[in-house]
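So the structure is just underneath, and the comments pick up after that.
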Amino acid sequence: MMNSHSYAYPGQKNQPPPLLICNDLVVDGHLSEEPASWRTCIHNSALILATARKQGWQIVHVYRQDRAPNPIASLRPQPEEPVFQCRGPSALSSPALRDFLVMSGTEEIILIGRSMVPCCLSTAVAAADLGVAVKLVADAVSHATADAHDPSLSIAHAAMRLIPQFATMTSTAKLLQLQSSLSLFVSGT
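Those letters in the sequence shown? Residues 1183 to 1371, per the numbering used here, in order.
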């Protein structure tokens, strides 16, 4: 990981870089997610992950404990990127990840990956309970397939209205444009 002095992200000086949580980006993720949403999530997650690695962000990968992780090839963890297993929908249902947050002094999470509801919503709520800010990259998070008459669709819409209470929503373009501008500013070019 790069030193924080070379890290270009808005915030106070000496603030640790954000923690990018890559949530359950697995090969079989497409089975439960809306296909176009899943393709967009994978594409944008790859762009964000590449930028995070270049900028020296902290990066972790989280997979469900109830199945063997089978990450998408382009989104596989690098050897220096910790991997955690969670037991519930929230990435922070992993005690080891919660400990990592505290020990690393993480003040902000950037969240990408599978299932806006329930995974990303529950992670945002759990982070808020810990006093950690969350930036959720809406177009780098997939959502489940739902039939127009499925009652869970109205639950998902209600949950989407809750997310802004626990997370700042952004897009891949805004996040990466900000990174590009800051990198130019920091490098002086």
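For every residue, glycine included, the Cβ atom is placed at its ideal position computed from N, Cα and C.
Quantities reported herein were computed from a predicted structural model and do not represent experimental measurements.
With respect to Ile1203, Leu1293 sits close: the two C-beta atoms are nearer than 7 Å. Sixteen is the threshold: when 16 or more other Cβ atoms of the shown chains lie within 10 Å of the Cβ of Leu1207, as they do, the residue is buried. Excluding its 5 nearest sequence neighbours in each direction, Cys1301 has C-beta neighbours in its own chain below 8 Å: Asn1205, Asp1206, Pro1271, Ser1272, Ala1273, Gly1295, listed in chain order. The Cβ atoms of Phe1266 and Ser1276 lie closer than 7 Å to each other.
The three-state reading of DSSP puts Leu1257 in helix, counting H, G and I together.
Per the Cβ contact rule, the region 1234-1252 is not in contact with the region 1218-1225 (fewer than 3 Cβ pairs under 8 Å).
Going by DSSP, His1212 is part of no beta strand (DSSP E) at all; its letter is neither H nor E. C-alpha of Thr1352 to C-alpha of Arg1269: approximately 27 Å in a straight line. Around the beta carbon of Ala1278, fewer than 16 other beta carbons lie within 10 angstroms, which makes this residue exposed. In the DSSP assignment, Leu1318 falls within the beta strand (DSSP E) that extends over 1315-1323. Rounded to the nearest whole angstrom, the CA to CA distance from Glu1289 to Leu1213 is 33 Å.
A distance below 8 Å between beta-carbons, with the five flanking residues on each side excluded, links Glu1216 to the following residues of its chain, in chain order: Ser1324, His1325, Ala1326, Thr1327, Ala1328. One Cα belongs to Met1285, the other to Gln1359, and the distance between them is close to 30 Å. The Cβ-Cβ distance between Phe1348 and Ala1315 does not fall below 7 Å. Remark: C-beta atoms of Thr1354 and Val1319 approach each other more closely than 7 Å.
Residue state for Phe1282 is assigned as helix, using DSSP reduced to three classes. Ser1227 is positioned such that its CB atom lies no closer than 7 Å to that of Ala1310.
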